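K.L.:
Below are the structure tokens for one structure; questions will follow.
There are 2 protein chains.
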Amino acid sequence: MATIRDVARLAGVGVGTVSRVLNNHPSVREQTRRRVLEAIEALNYHPDPSARRLSLRRTLTIGVIVPFITNPSVVERLRGITLGLEGTEYDLVIFNVETVQNRDRYFKEVVRGKRVDGLIVISLSPTDDEAERFAQADLPVVLVDAAHPRLPHVIIDDVQGGMMATQHLINLGHRRIAFLGDIHPNPFGFTASYHRYLGYMQALEKAELPYEEKYVVLGEHSRYTAYALAMGLFDQSPPPTAIFAASDTQALGVLAAAREAGYHVPEDLSVVGYDDVETAHYLGLTTIHQPLVDSGIEGVSLLMKILAGEEVPNEIRLPLSLVVRQTTAPPRPGPKTIA
Amino acid sequence: MATIRDVARLAGVGVGTVSRVLNNHPSVREQTRRRVLEAIEALNYHPDPSARRLSLRRTLTIGVIVPFITNPSVVERLRGITLGLEGTEYDLVIFNVETVQNRDRYFKEVVRGKRVDGLIVISLSPTDDEAERFAQADLPVVLVDAAHPRLPHVIIDDVQGGMMATQHLINLGHRRIAFLGDIHPNPFGFTASYHRYLGYMQALEKAELPYEEKYVVLGEHSRYTAYALAMGLFDQSPPPTAIFAASDTQALGVLAAAREAGYHVPEDLSVVGYDDVETAHYLGLTTIHQPLVDSGIEGVSLLMKILAGEEVPNEIRLPLSLVVRQTTAPPRPGPKTIA
DNA sequence: CTGTTAGCGCATTCAC
DNA sequence: GTGAATGCGCTAACAG
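Going down the list, the sequences are from chains A and B.
Quick note: the first sequence uses numbering that gives the first Met the number 0, first residue 0, plus one each step.
Quick note: the second sequence uses numbering that gives the first Met the number 0, first residue 0, plus one each step.
The structure is reproduced here in structure tokens:
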């Protein structure tokens, strides 16, 4: 493997000059530049990244911490990040967290030493202590689908989204509307579900509908847990006529439970999800759409600006929209629902 | 940020000694080791990875090339890789390819220079030229869900899988069985679909069923293309009574088309997929199960062994199984199907 | 056992 | 404009 010295020797110049043409520094005579370029070509020379990094005192890599990489919404954001990083000089190293221990470990480890030049965190909100550590380590961090007052973040208004979803059901005439979401607080630091829950409550309140605890069920974020929770909801009397699930993943569990329990959707039960992952489209799930891929792209954009020394807004809010498909309809006019 | 020299100074030893305790070299007196450790602690010292990499002449990172990272089967394999890498000293950098240009570019770029110590390629089969380049660059490469005679790979027997799926349909009594898969050859170098097609043909042959060209439809790998292709199949006369889709993703498109066209599955139409992604389970799709996560883990395991200088088998074959769920059944006994 | 020294390959002064 | 020298922070070989 040729080094910069081999190139210098072959071109009959000093290593400094080679370095200059590599980083296309202006002050190199056209003729020498050409000679160097030829030598580089002849030797099929490529600068050693490790050496560059050490000399530059930059790692030229961005880290991304992702929770449950197989989660469809997470992987779409991740895709956005790879897209945003394309064409830049940065490599992307990924840290997949599936346990609380790993979450905490990565939050600590990635910070210290010079492991990455910048960090993107998906869907995980750092604690104040963690945010403090980032600041002290002077590591640029941007949050995607998570927030912290001290950290730049790309986010949507989940409270608003929760309201939109619930309002849609209310508008259809539902009065017994259940909410199915994540436990909060939770050790991972997921907060989206909680905010959507807040929106749910506000919509209820605004419509002067009673808040009933039995219609709010929470559990670990997964399709299977959601399935079980939905089954529990069906056992209430009277059962809800609509369910707002805090994510499409959970909505899928609800749909499966409904099918299993013999409920027809949307005739017997309306279901609305959140995120608008690709499968939602496919299944005709009514849901709240948010720009997943774009959130990753925006996150990268923020980080790049910070690395370039530019000022950035502390928060970027992406737009939300309700996508009405085939899982929501007016409630069946049963005896109980007649006012 | 403290360096190894600061630690040495504080501990009153040479940098060599600090380096030794860092890499827990045995030949360090317990007492000095302790002193060094204390200094490290006091300074909150962490070795600079870039410096280590340069000195060690190893990048301590593994690269992974993934096609269409949002593809469920791909991301499950990727998850396996992150799992397998956990606890090792390697970082994982990812290259997402969504265009042929990027595929070719990454195959070239990742190789040259000292960018990674090893490479894992998912679902993309290198050309002979590319394999040759890997060898010349003396870069360990392992293939997951792809194959090349000169490269260690983790694979399943797709021909066998194709036979199993088709055989299942034949056993149920189907005689007009369609195959829906990827175009082959294709610029990305995906080969799975083609092999599954080969299995399909063999099963037909074995059962002495006629091979009919109109029942074989190929297109770009996506749910939407599959949807359109399936619609085309329904227009054949007579239409097939069963469709074997080369992947679950494509099977989902078929299911959507069937629903749209008013076909009841499995009464009017049997559908079998391939991969057994999570959604297949959820939708009750009959499919060929392959160990996706394990394939990633095995891939890492192979690569680690190579990096450790151990011999490895050139091929690891993972087991396959047919998972019968709710999308397959005997054909409806219509006039045409009565022998 | 342990301190010293010489690289690893590149970027970047500083003179010329 | 360009060459030579210095340093990035660490590992490893070599003395002692």
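Ideal Cβ placement from N, Cα and C applies to all residues, glycine included.
None of the values given here were measured: they were computed from a predicted structure.
1. Skipping 5 residues on each side, what residues in its chain have a beta carbon closer than 7 Å to that of A/F187?
2. If you follow the alpha helix (DSSP H) that B/V35 is in, where does it begin and where does it stop?
3. Please state whether DSSP places B/I296 in a helix, a strand or coil.
4. Could you check if B/P125 is buried or exposed, using at least 16 other CB atoms within 10 Å of its CB as the buried criterion?
5. When Cβ atoms are compared, which residues of the region 91-112 of chain B fall closer than 7 Å to chain A?
6. Give me the Cα-Cα distance between B/Y44 and B/A38, rounded to the nearest whole angstrom.
7. Hey, out of B/R32, B/V143 and B/Y193, whose CA is closest to B/R76's CA?
8. Return the chain-ordered list of same chain residues with a C-beta closer than 8 Å to the C-beta of B/V12, the five sequence neighbours on each side being excluded.
9. Identify, in the order they occur along the chain, each residue of the same chain with its Cβ nearer than 8 Å to the Cβ of B/H167, setting aside the five sequence neighbours on each side.
10. Counting beta carbon pairs with one atom in the region 296-305 of chain B and one in the region 252-264 of chain B, are three or more of them shorter than 8 Å?
11. How about the region 246-256 of chain A and the region 224-234 of chain A: do they share at least three Cβ pairs that are nearer than 8 Å?
12. Is the region 163-179 of chain A touching the region 143-154 of chain A in the sense that three or more CB pairs, one from each, lie closer than 8 Å?
13. Since A/F178 and A/V215 should fall inside the 8 Å C-beta cutoff, what is the C-beta to C-beta distance between them, to a whole number of angstroms?
14. Compute the Euclidean distance between the alpha carbons of A/L55 and B/E309, then round it to the nearest angstrom.
15. Helix, strand or coil for B/H263, going by three-state DSSP, please let me know.
16. Would you kindly check if the distance between the Cβ of B/Q289 and the Cβ of B/I169 is under 9 Å?
17. For B/E207, is the classification buried or exposed, using 16 other Cβ atoms within 10 angstroms of its Cβ as the cut-off for buried?
18. Name the DSSP beta bridge partners of A/F243, please?
19. Taking the alpha helix (DSSP H) that B/F133 falls in, what are its first and last residues?
20. Would you please state the rounded distance, in angstroms, between the beta carbons of B/G198 and B/G160? I believe it to be under 8 Å.
21. Would a check of beta-carbon distances place B/V74 closer than 9 Å to chain A?
22. Starting from the N-terminal side, write out each stretch of the alpha helix (DSSP H) that is 4 residues or longer and does not extend beyond the region 68-129 of chain A.
23. Residues in its own chain within less than 6 Å of A/A338 by CB, not counting five upstream and five downstream?
24. Taking just the CA atoms, how far does A/P239 sit from A/E314?
25. Would the beta-carbon of A/L21 be found less than 8 Å away from any heavy atom of the ligand SAH?
26. Is it buried or exposed, B/D137, if we count other Cβ atoms within 10 angstroms and call 16 or more buried?
27. Which residues in the same chain as A/D425 place their Cβ atom closer than 7 Å to its Cβ, once the five residues preceding and following it in sequence are excluded?
28. If you draw a straight line from the alpha carbon of A/R8 to that of B/V6, how long is it in whole angstroms?
29. Going by DSSP in three states, A/E314 sits in which element: helix, strand or coil?
30. So, helix, strand or coil for B/P290, using DSSP?
31. When we look at the beta-carbon of A/R195 and count the other beta-carbons within 10 Å, is it buried (16 or more) or exposed?
32. In whole angstroms, what separates the C-alpha of B/G68 from that of B/E204?
33. Quick check for students: name the residue ranges of the beta strand (DSSP E) that lie wholly in the region 177-225 of chain B, counting only runs of 3 or more.
34. Look at the alpha carbon of A/P312 and the alpha carbon of A/D128, and state the distance between them as a whole number of angstroms.
35. Going by CA-CA distance only, name the one from B/E297, B/P329 and B/Q325 that's closest to B/M83.
36. Using a 10 Å radius around the Cβ and a threshold of 16 neighbouring Cβ atoms, would you call B/Y193 buried or exposed?
P.N.:
Taking the structure as given:
1. So the list reads P66, V99, R102 and L123, once near-sequence residues are dropped.
2. First-last of the alpha helix (DSSP H) with B/V35: E29 to L42.
3. Three-state DSSP puts B/I296 in a helix.
4. Buried is the label assigned to B/P125, since at least 16 other Cβ atoms lie within 10 Å of its Cβ.
5. Within the region 91-112 of chain B, the residues whose Cβ lies closer than 7 Å to any Cβ of chain A are, in chain order, L91, V92, I93, N95, R111 and G112.
6. The C-alpha of B/A38 is placed about 8 Å away from the C-alpha of B/Y44.
7. Closest option to B/R76, Cα to Cα, is B/V143.
8. Around B/V12: T31, R34 and V35.
9. The residues are V271, T285, L321, V323 and T327.
10. No, because fewer than three Cβ pairs between the region 252-264 of chain B and the region 296-305 of chain B fall closer than 8 Å, the two stretches do not touch.
11. Below 8 Å, enough C-beta pairs join the region 246-256 of chain A and the region 224-234 of chain A to call them touching: three or more.
12. Touching, no.
13. Right, the Cβ-Cβ distance comes to about 5 Å (below 8 Å), so this counts as a contact.
14. Answer to the nearest angstrom: the Cα atoms are 35 Å apart.
15. Three-state DSSP puts B/H263 in coil, outside helix and strand.
16. Taking a C-beta distance under 9 Å as the contact criterion, B/I169 and B/Q289 do not qualify as a contact pair.
17. Counting Cβ neighbours within 10 Å, B/E207 comes out exposed, since fewer than 16 surround it.
18. DSSP, once it has assigned bridges, lists A/F178 and A/V271 as partnering A/F243.
19. Note, B/F133: alpha helix (DSSP H), D127 to A136.
20. Right, their Cβ atoms sit about 6 Å apart.
21. Yes - at least one Cβ of chain A is within 9 Å of the one on B/V74.
22. Within the region 68-129 of chain A, the complete alpha helix (DSSP H) runs of at least 4 residues fall at 71-84 and 99-108.
23. Summary for A/A338: the model assigns pLDDT 43, below 50, so the residue's position carries little reliability; its value from the coordinates is reported in the next sentence. Excluding residues up to 5 positions away in sequence, nothing lies with its Cβ nearer than 6 Å to the Cβ of A/A338 in the same chain.
24. Approximately 37 Å, taken between the alpha carbons.
25. Of the ligands one can find in the structure shown there are none, so the ligand SAH has no counterpart to examine.
26. With fewer than 16 Cβ atoms within 10 Å of its Cβ, B/D137 is classed as exposed.
27. Absent from the model: residue 425 of chain A. The displayed extent of chain A is 0 to 338, so no value can be given.
28. Straight-line Cα distance between these residues: approximately 38 Å.
29. For A/E314, the secondary structure class from DSSP, reduced to helix, strand or coil, is strand.
30. If DSSP states are grouped into helix, strand and coil, B/P290 belongs with coil.
31. When all chains shown are included, A/R195 counts as buried.
32. Checking the sequence, you will find Ile at residue 68 of chain B rather than Gly. B/I68 and B/E204 have their C-alpha atoms spaced approximately 36 Å apart.
33. Counting only runs that start and end inside the region 177-225 of chain B, the beta strand (DSSP E) elements of at least 3 residues fall at 215-218.
34. Taking the straight line from one Cα to the other gives about 22 Å.
35. Inspection of the sequence shows that residue 83 of chain B is occupied by Gly rather than by Met. Considering only B/E297, B/P329 and B/Q325, the residue with the shortest C-alpha distance to B/G83 is B/E297.
36. The residue in question, B/Y193, is buried, as its Cβ has 16 or more Cβ neighbours within 10 Å.
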